[in-house]
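Each remark here refers to the structure printed beneath this line.
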Ligand SMILES: Nc1ncnc2c1ncn2[C@@H]1O[C@H](COP(=O)(O)OP(=O)(O)O)[C@@H](O)[C@H]1O
Ligand SMILES: [Mg+2]
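Okay, structure coming up:
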């Protein structure tokens, strides 16, 4: 592996006039046991924009993303330090109600993982758990969220059928619908299209573009074309650090950091 100067970074900072920030991290570090995997990441994610996280396999993209809604709490050997700022609150503090916080910051995983339940129940499960009981409201929620992910026409006559009978691409859109049924502010997506065929991938990408008017999204992708297609801002991760962050067009056409340049131009390694 080529040695890069890891002290040099080019991280865009937004002024309040320029952009409202939905979520940011300050000096975020993740340790697996004694090993420091995420080495102090400072990033700001603008509201109603899509930010992509790119970088080589093992650079810590998933680890970082999982920290943002405290999914690493579930990983027994993981310890997360630093601040995660959401609405004037540091949600990395121990006294945060994680169950409540995840209503605001939802996650979609790499492999579509619908529940072994009907399409209808997949969407209504979490809202019911959080106290929504009214049948008319639940019906409306199912219809609006399925419309938001462009799945309504395909499944409106089979809402009682098992979600597992859907295609991979439909399952992933259902998982996005299930997440937005909780009306989150922020959607975290970890390689949401990597298990899908090219056609389903393009439908999922279109879905994300549609959702941008209402949601702030942070998407991890190893697919650089995808990052270039869907995102407004891109962060380049390398060895547990964010080396460069800026407008996607700038990152892909004239990056400031050598490692970013090598990565986006395919001369990496
Ligand atoms: N629970 C864990 N314990 C120890 N190491 C882990 C654990 N989870 C992930 N890792 C390691 O952390 C590194 C970064 O992983 P990850 O965040 O998944 O990277 P990426 O998503 O960029 O491929 C990898 O080397 C991975 O093996
Ligand atoms: Mg990953």
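Numbering (full-length UniProt numbering), first residue to last: 1 to 269. Ideal Cβ placement from N, Cα and C applies to all residues, glycine included.
CA nearest to the CA of residue i, picked from the options
i           : options            : result
residue 197 : 24, 237, 263, 112  : 112
residue 34  : 26, 25, 80         : 80
residue 55  : 236, 25, 170       : 236
residue 141 : 73, 116, 178       : 178
residue 233 : 250, 257, 59, 105  : 250
residue 114 : 209, 73, 172       : 172
residue 12  : 187, 259, 257, 244 : 244
residue 99  : 121, 122, 88, 127  : 127
Short CB-CB distance (under 8 Å) between residue i and chain B
i          : result
residue 70 : Absent from the structure: chain B. Only one protein chain is present.
Cβ-Cβ distance between residue i and residue j below 8 Å
i           : j           : result
residue 65  : residue 262 : no
residue 253 : residue 48  : no
residue 167 : residue 119 : no
residue 46  : residue 17  : no
Proximity test, residue i beta-carbon vs ligand 1 heavy atom, cut-off 7 Å
i           : result
residue 51  : no
residue 81  : no
residue 37  : yes
residue 230 : no
residue 77  : yes
residue 32  : yes
One or two residues paired with residue i in a DSSP bridge
i           : result
residue 90  : 85
residue 46  : 21
residue 151 : In the DSSP output, where bridge partners are listed per residue, residue 151 has none listed.
residue 190 : 220
residue 234 : 52, 246
residue 107 : 188
residue 80  : 30
residue 10  : 244
heavy atom of ligand 2 below 7 Å from residue i C-beta
i           : result
residue 61  : yes
residue 190 : yes
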